[in-house]
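2 protein chains.
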Amino acid sequence: MAPAPPLLVVISGPSGVGKDAAIAELKKLALPWHFAVTATTRPPRPGEQDGVDYRFLDADTFHKMRERDQFLECAEVYGRWYGVPRSQVREAFQAGKDVILKIDVQGAETVRQLAPEALFIFIVPASFAELAHRLGRRDTETPEEADMRLQVAREELSQVSRYDYRVVNREDCLQQAVEEIEAIIVAEKCRVVPRVVQLFY
Amino acid sequence: MAPAPPLLVVISGPSGVGKDAAIAELKKLALPWHFAVTATTRPPRPGEQDGVDYRFLDADTFHKMRERDQFLECAEVYGRWYGVPRSQVREAFQAGKDVILKIDVQGAETVRQLAPEALFIFIVPASFAELAHRLGRRDTETPEEADMRLQVAREELSQVSRYDYRVVNREDCLQQAVEEIEAIIVAEKCRVVPRVVQLFY
Numbered sequence: 147m148a149p150a151p152p153l154l155v156v157i158s159g160p161s162g163v164g165k166d167a168a169i170a171e172l173k174k175l176a177l178p179w180h181f182a183v184t185a186t187t188r189p190p191r192p193g194e195q196d197g198v199d200y201r202f203l204d205a206d207t208f209h210k211m212r213e214r215d216q217f218l219e220c221a222e223v224y225g226r227w228y229g230v231p232r233s234q235v236r237e238a239f240q241a242g243k244d245v246i247l248k249i250d251v252q253g254a255e256t257v258r259q260l261a262p263e264a265l266f267i268f269i270v271p272a273s274f275a276e277l278a279h280r281l282g283r284r285d286t287e288t289p290e291e292a293d294m295r296l297q298v299a300r301e302e303l304s305q306v307s308r309y310d311y312r313v314v315n316r317e318d319c320l321q322q323a324v325e326e327i328e329a330i331i332v333a334e335k336c337r338v339v340p341r342v343v344q345l346f347y
Numbered sequence: 147m148a149p150a151p152p153l154l155v156v157i158s159g160p161s162g163v164g165k166d167a168a169i170a171e172l173k174k175l176a177l178p179w180h181f182a183v184t185a186t187t188r189p190p191r192p193g194e195q196d197g198v199d200y201r202f203l204d205a206d207t208f209h210k211m212r213e214r215d216q217f218l219e220c221a222e223v224y225g226r227w228y229g230v231p232r233s234q235v236r237e238a239f240q241a242g243k244d245v246i247l248k249i250d251v252q253g254a255e256t257v258r259q260l261a262p263e264a265l266f267i268f269i270v271p272a273s274f275a276e277l278a279h280r281l282g283r284r285d286t287e288t289p290e291e292a293d294m295r296l297q298v299a300r301e302e303l304s305q306v307s308r309y310d311y312r313v314v315n316r317e318d319c320l321q322q323a324v325e326e327i328e329a330i331i332v333a334e335k336c337r338v339v340p341r342v343v344q345l346f347y
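Chains as they are written, first to last, in my numbering: chain A, 147 to 347; chain B, 147 to 347.
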């Protein structure tokens, strides 16, 4: 029996829902997945490492790559650019590895157009109040930035119906969300009719 | 957010593939699932307990229930009758519990007609040779019975395309199959568009 073809797993959700934390835990599972490293023009936050959390690029380099169509998708969010290099997805797929893409809702929509057979997972908070609480306390932002994020998050949450799976990230219960994401990927590898992501690069 | 509706999980596969062993391991997980106990007119095998492994009924009692339409599905296999009492599924669903049905391929087909929104999992061997090996050594059967099972198993295996998920039960690797079945159920509870089993009783 042939092994299941590699999956393109899109993990998205509103700002502040805990996507980064979930990804950090998923990495600890040491499964044979490739975690795509997004390129960005935003400066690193404290503790973030180049090539691990993000690929930090200057605007000039980023836009040269953009002109050469070297991103699977890229977008401007809050005045900063983010993009997923095509080369990463291509190389991981050629090695037979599933690719995990952590991406915002806007980016997920672009990937959905390019690769509708990708697997779309949406992380939601247990309640909007919980999300608002988390957004309010992120200390790297101004209150205006937090307000804008909250409004955007509300719109983003309404997009859940465009996803295959919804995972609830309850306050202090990240581990359950991580286990559910792992279960979804394990389950999808068992599908009788596999998702075959067409080569879009 | 409302909890996901209860699932009707059909676990099937060819004779000898290890359905019983997989179910025994799933029960140890102590998750809030109801394992349907199939009623049968066949005599208990050594170690089997009435009401746990099967509900052992005499032919008269079984056929009275059958006449009253009290089985979700029932069928004659190798001269013995097997049936899933409707009452069990109804009561578990009313309690909000997922129901796990271990059932042969013929029975799964009947359930598919009644409840196409059920979740269908097919256990397969790593190879046909492995299955033949297992069937050959079941010491409660005559060689003729084993031969008949082998032929039936080959036909049953060809039905995999009618299922949602395929789980490989590799020799000496039952635990992986069990983990995959658990993952499938966990994942299905996260579906944005849930399977809603219509009440067919």
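Backbone N, C-alpha and C define an ideal beta-carbon position, used for all residues, glycine too.
Keep in mind that this is a model prediction, so the values were computed, not measured.
*From the beta carbon of A:F274, is the nearest beta carbon of chain B less than 9 Å away?*
no
*Below 9 Å between beta carbons is the criterion; list the residues of the stretch 169–193 of chain B that meet it against any residue of chain A, in chain order.*
none
*Are the C-beta of A:I157 and some C-beta of chain B separated by less than 9 Å?*
no
*Can you name the residues of chain B whose CB is closer than 7 Å to the CB of A:A329?*
A329, V332, A333
*From A:H209 to A:A323, what distance separates their C-alpha atoms?*
35 Å
*Measuring only between beta-carbons, confirm whether A:V198 sits less than 9 Å from chain B.*
Residue contact with chain B for A:V198: absent (no Cβ-Cβ distance below 9 Å to any residue of chain B).
*Near A:V314, which residues of its chain fall below 7 Å by C-beta distance, leaving aside the five closest residues on each side in sequence?*
V270, A272, A323
*Would you mind giving the Cβ-Cβ distance between A:L296 and A:A278, rounded to the nearest angstrom? I have them listed as a contact below 8 Å.*
Contact between A:L296 and A:A278 holds: their C-beta atoms lie close to 6 Å from each other, under 8 Å.
*Going along the chain, which unbroken runs of the alpha helix (DSSP H) with 4 or more residues stay wholly within the stretch 209–297 of chain A?*
Qualifying alpha helix (DSSP H) stretches, in chain order: 232–240, 251–260, 274–282.
_Using a 10 Å radius around the Cβ and a threshold of 16 neighbouring Cβ atoms, would you call A:T186 buried or exposed?_
When all chains shown are included, A:T186 counts as buried.
*To the nearest angstrom, how far is it from the Cα of A:Y347 to the Cα of A:I157?*
Unreliable positioning characterises A:Y347 in this predicted model, as indicated by a pLDDT of 47, which lies under 50. A coordinate reading is not provided.
_Cβ-based neighbour list, A:F217, same chain, cut-off 8 Å, excluding 5 preceding and 5 following_ = A185, M211, G229, V230, P231, R232
*Taking 9 Å as the CB-CB limit, is B:E237 close to chain A?*
no
*Tell me, which residues are paired with B:L154 by DSSP?*
Looking at the DSSP assignment, B:L154 forms a beta bridge with B:V245.
*Where does A:D166 fall in DSSP's three states?*
Helix, per DSSP.
*Along chain B, which residues have their Cβ under 8 Å away from the Cβ of A:D310?*
R337, V338, listed in chain order.
*Going by C-alpha distance, which of B:A254, B:V339, B:A182 is nearest B:E237?*
B:A182
_Residue span of the alpha helix (DSSP H) that contains B:V350, given as start and end_ = Residue 350 of chain B cannot be examined here, being either before or after the span of chain B that is shown, 147 to 347.
*Applying a beta-carbon distance threshold of less than 8 Å, which residues of chain B neighbour A:S304?*
Within chain B, not a single residue places a beta-carbon under 8 Å from that of A:S304; the smallest gap is close to 13 Å.
*With 9 Å set as the bound, which would you pick, yes or no: does the beta-carbon of B:E255 sit closer than that to a beta-carbon of chain A?*
Not closer than 9 Å to any Cβ of chain A, the Cβ of B:E255 fails to qualify, so no.
*Are B:R280 and B:G162 closer than 9 Å when you measure CB to CB?*
Closer than 9 Å, so yes.
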